[in-house]
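To start, the structure itself, in structure tokens.
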Amino acid sequence: MPDSINQFIRPVTCCVNDNGNLEIGGCDLVELAKQYGTPLYVIDEQTLRGVCCDYKRAFVSYPKVNMMYASKALCTMATTAIISSEGFGFDVVSAGEMYTVYKTGVDMSKVLFNGNNKSVDELLLALDLGVGRISVDNFLELSLLNELAKSRNKTADILLRITPGIECHTHEYIQTGHLDSKFGFDLTQIDEAVEFILESNLKLHGLHAHIGSQIFETKVYEDEVDILVKELARLQKKYSLKLDEINIGGGIGVKYTEADMPPSVYTAADLILKSLQTSIAKYGIEEPSVFLEPGRSIISTSGVTLYTIGSSKQVPNGKKYVAVDGGMSDNARPSMYRAEYTAVVANKPEEKSSQSVTIAGRFCESGDILIQNINLPEPEEGDILCVFNTGAYNYSMASNYNRVEKPAMVLVNNSQSDIIVCRETLDDLIGHDVIPDRLRTDV
Ligand SMILES: *Cc1c(COP(=O)(O)O)cnc(C)c1O
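Okay, structure coming up:
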């Protein structure tokens with residue numbers, strides 16, 4: 086099977102240019118840092134479109150496959166526009182993500198609304214914007230959505246989110262398909278849910294599951310597809326329902342470090358489609374539509390973050406800490422999951438690594454370490470550090486901890502760079518603050 090882009094650490098356009106600097110999308114990273122400031126998120130359009138093509142090509146033999154990008158990995162209007170132009174739909178988990186794709190001009194019938202505790206306002210927004218599917222997670226939501234659909238004189242098109250009881254080997258916090266999970270209906274609760282739906286303003290189209298994230302062992306999808314097809318067949322027969330959709334979620338991994346061995350999307354597709362055919366034959370149903378919701382594997386590799394190196398500290402007989410101008414507020418993953426990353430110094434990418442250092446963030450937490458023990462050439466103040474594979478779950482988890490402005494994001498392609506998210510300003514930071522009048526008199 087061919088390689089796919091999620092198996093690479095660096096964006097596909099990444100190379101060393103004539104100035105001896107690293108470039109991406111034909112843009113010199115040192116120049117980008119100068120022009121836009123750091124920290125800076127950079128997204129390579131060619132890599133992003135390339136991954137979308139990998140997915141489309143990998144599943145081309147089964148026309149009833151639909152790609153739904155999981156917006157939570159990175160949700161901006163420009164990236165939404167690119168992914169939409171590649172023919173993908175969108176999985177959204179909040180009013181904010183729903184509104185972003187809506188305002189970008191996405192066909193809302195290609196949007197699926199997910200989440201384990203959707204609010205009344207969010208469900209109403211989904212009904213009013215004409216979101217194609219709502220994946221209902223629990224009994225409270227079933228009755229709530231039914232009431233809201235009635236109040237709007239509408240039928241809500243839904244899937245049931247189920248917990249298939251599959252363990253995958255990934256970090257505990259990003260495992261979601263095992264039985265003791267906060268997400269979805271247990272298999273033993275499905276019939277009760279369906280019986281409620283039959284008497285409601287809800288129209289059930291199929292079943293939805295998502296078993297975890299940063300998955301390297303594609304065999305878990307075989308089990309997942311089998312459970313979904315089996316349940317679909319059982320419900321079709323028991324309730325004479327026309328159910329023809331399964332959504333197998335996302336989860337395919339990416340390569341953060343040399344030690345990571347994510348699967349090729351082509352290998353995963355081959356296995357998913359084979360097990361689909363096996364299960365369809367085994368349970369005797371017609372070919373269902375299959376939905377996939379990759380997030381991380383779509384956007385991660387296209388993104389890098391640029392930082393400027395500042396102070397260093399050599400602990401006597403200990404580590405050498407090298408501090409950068411960002412950290413846990415623009416990339417929460419190392420402090421949250423002990424996630425690992427790879428980086429190079431963009432202004433001397435070919436210099437030999439002279440020592441192992443620890444890249445520290447600028448935030449007031451000892452846990453704010455971006456990379457433990459990385460071999461780098463002698464780091465000097467003003468050097469530009471490029472951290473790879475930061476497209477997913479970096480900006481989308483960014484905070485204003487320490488009242489630091491969120492970085493800008495630029496899109497690069499064919500030697501051109503465009504701002505797609507402006508850097509926050511100091512006034513943005515205080516823009517939502519209010520001093521009550523009674524305090525103002527004392528100031
Ligand atoms: C998070 C999530 C995804 C995307 O997962 P990735 O690991 O980023 O591919 C897809 N579907 C659901 C329901 C999710 O919660």
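Quick note on our numbering: the sequence shown kicks off at 86 and runs consecutively.
The C-beta atom is built at its ideal place from N, Cα and C for all residues, glycine as well.
Residue i CB to nearest heavy atom of ligand 1 below 7 Å
i, result
"Gly-388", "no"
"Asn-199", "yes"
"Arg-508", "no"
"Glu-378", "yes"
"Ala-163", "no"
"Gly-395", "no"
"Lys-157", "yes"
"Ser-529", "Examination of residue 529 is not possible in this model, given that the chain is present from 86 through 528 alone."
"Ser-382", "yes"
"Gly-76", "Any answer about residue 76 is impossible in this case: the structure gives the chain only from 86 up to 528."
"Asp-222", "no"
"Ala-353", "no"
"Glu-345", "The sequence shown places Asp at residue 345, not Glu. Because no heavy atom of ligand 1 lies under 7 Å away, the Cβ of Asp-345 does not count as near it: no."
"His-295", "yes"
"Asp-176", "yes"
"Ala-417", "no"
"Ala-143", "no"
"Ala-424", "no"
"Ala-241", "no"
"Ala-477", "yes"
Cβ shell of residue i (< 6 Å), same chain only, five flanking positions each side left out
i, result
"Asn-485", "none"
"Ser-441", "Asn-458 and Asn-460"
"Leu-358", "Tyr-147"
"Asp-103", "none"
"Gly-452", "Ser-420"
"Lys-288", "Thr-240 and Asp-242"
Residue i to residue j span [Cα, whole Å]
i, j, result
"Val-472", "Ala-294", "32 Å"
"Glu-425", "Ser-481", "18 Å"
"Asn-458", "Ala-163", "35 Å"
"Ile-331", "Ala-445", "44 Å"
"Ser-220", "Val-136", "26 Å"
"Asp-242", "His-290", "7 Å"
"Cys-160", "Ser-298", "17 Å"
"Asn-152", "Glu-302", "First, the residue type needs correcting, since residue 152 is Met and not Asn in the sequence shown. Between Met-152 and Glu-302, the C-alpha separation is close to 20 Å."
"Tyr-368", "Phe-448", "55 Å"
"Pro-347", "Asn-91", "7 Å"
"Thr-390", "Glu-277", "48 Å"
"Ile-128", "Thr-363", "39 Å"
"Ile-337", "Leu-197", "19 Å"
"Ser-387", "Ile-251", "30 Å"
"Val-495", "Pro-124", "11 Å"
Residues near residue i by beta carbon distance below 8 Å, same chain, minus five either side
i, result
"Lys-149", "Glu-372, Pro-373, Ser-374 and Val-375"
"Leu-511", "Glu-490"
"Ser-610", "There is simply no residue 610 to check, as the chain begins at 86 and stops at 528 in what is shown."
Where residue i sits in the DSSP three-state scheme
i, result
"Gly-174", "strand"
"Asp-410", "coil"
"Thr-386", "coil"
"Leu-107", "strand"
"Val-400", "coil"
"Ile-515", "helix"
"Lys-239", "coil"
"Asn-231", "helix"
"Asn-223", "coil"
"Val-196", "strand"
"Ile-520", "coil"
"Glu-330", "strand"
"Thr-352", "helix"
"Leu-159", "coil"
"Thr-303", "coil"
"Phe-448", "coil"
Contacting residues, own chain, Cβ-Cβ under 7 Å from residue i (five flanking each side not counted)
i, result
"Gly-395", "Ala-408, Val-409, Asp-410 and Glu-466"
"Pro-462", "Val-430, Lys-433, Glu-436, Lys-437, Ser-438 and Ser-439"
"Glu-171", "Arg-134 and Cys-137"
"Gly-380", "Tyr-154, Ala-155, Lys-157, Ala-158, Gly-335 and Ala-477"
"Ala-354", "Ala-143 and Phe-144"
"Gln-399", "Lys-405"
Residue i Cβ short of 7 Å to ligand 3 heavy atom set
i, result
"Ala-211", "As for ligand 3, it is missing from this structure, which binds only ligand 1."
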